[in-house]
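Presented below is the structure to which this report refers.
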Amino acid sequence: MSAPSSTKQSWAQGTAMGAAIIMVTVGIVQFLQGIAAVAEDEVFVVGIEYVYQFDLTTWGWIHIVIGVIVTAVGFVLITGAAWARMAAIVVAAISMIANFLWIPYYPWWSLLIIALDVVVIWAVSTWKPAAA
524 MSAPSSTKQS WAQGTAMGAA IIMVTVGIVQ FLQGIAAVAE DEVFVVGIEY VYQFDLTTWG
584 WIHIVIGVIV TAVGFVLITG AAWARMAAIV VAAISMIANF LWIPYYPWWS LLIIALDVVV
644 IWAVSTWKPA AA
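In terms of our numbering, the sequence shown opens at residue 524 and continues consecutively.
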């Protein structure tokens, strides 16, 4: 009976380490995306009017801040500390919300990041380092 749990925890640990790498990568790309939005408003095409619309410079700064935080938490998540796992869940949830609101500007990227944030939350919430 402990073998399935051990296998499950090994899978969760591997996925959580992958989640840490995903967070670092996504954070860096979000940071760069934010810089692009701040520096050149012409990079992104805005279609229809959207309820949660900010100007691109504001969105750029939001993505810069979120990118830095996601990257930092991703690096710390590699340690497996309980507070880092909780921070990863909270930061991934915030990233999901920000990318949902960013959908009109960059829909495919936003949906990809939302999906990756779901993977991060699942991996981190099912991983129990003491049980591995």
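All C-beta atoms, glycine included, are put in the ideal place defined by N, C-alpha and C.
Since the structure is predicted, the reported quantities are computational estimates derived from the model, not experimental observations.
Best match in the options for proximity to residue i [C-alpha to C-alpha]
i, options, result
"S618", "T530, A542, Q553", "Q553"
"P627", "L579, A559, V561", "L579"
"A638", "G597, S533, M546, S529", "M546"
"G550", "T581, A560, T594, G603", "T594"
"T548", "A562, W650, I636", "I636"
Separation of residue j from residue i, as counted between CA atoms
i, j, result
"I544", "G557", "20 Å"
"A542", "A621", "19 Å"
"A616", "V641", "8 Å"
"T530", "G583", "42 Å"
Residues near residue i in its chain [Cβ-Cβ closer than 8 Å; skip 5 each side]
i, result
"A585", "Reading the sequence as shown, one finds Ile at residue 585 and not Ala. Excluding sequence neighbours, I585 sits near G557, F577, A621."
Host alpha helix (DSSP H) of residue i (start-end)
i, result
"V650", "For the sequence presented, residue 650 should be read as Trp rather than Val. Element bounds for W650: n/a, residue is neither H nor E."
"W625", "Here W625 belongs to no alpha helix (DSSP H), and DSSP marks it neither H nor E."
Cβ shell of residue i (< 7 Å), same chain only, five flanking positions each side left out
i, result
"V614", "I592, V593, V596"
Three CB pairs or more closer than 8 Å across the segment 584-592 and the segment 630-640 = no
Count the CB pairs spanning the segment 634-650 and the segment 537-549 that are closer than 8 Å, and state whether there are at least three.
-> Contact between the segment 634-650 and the segment 537-549 is established, with three or more Cβ pairs separated by less than 8 Å.
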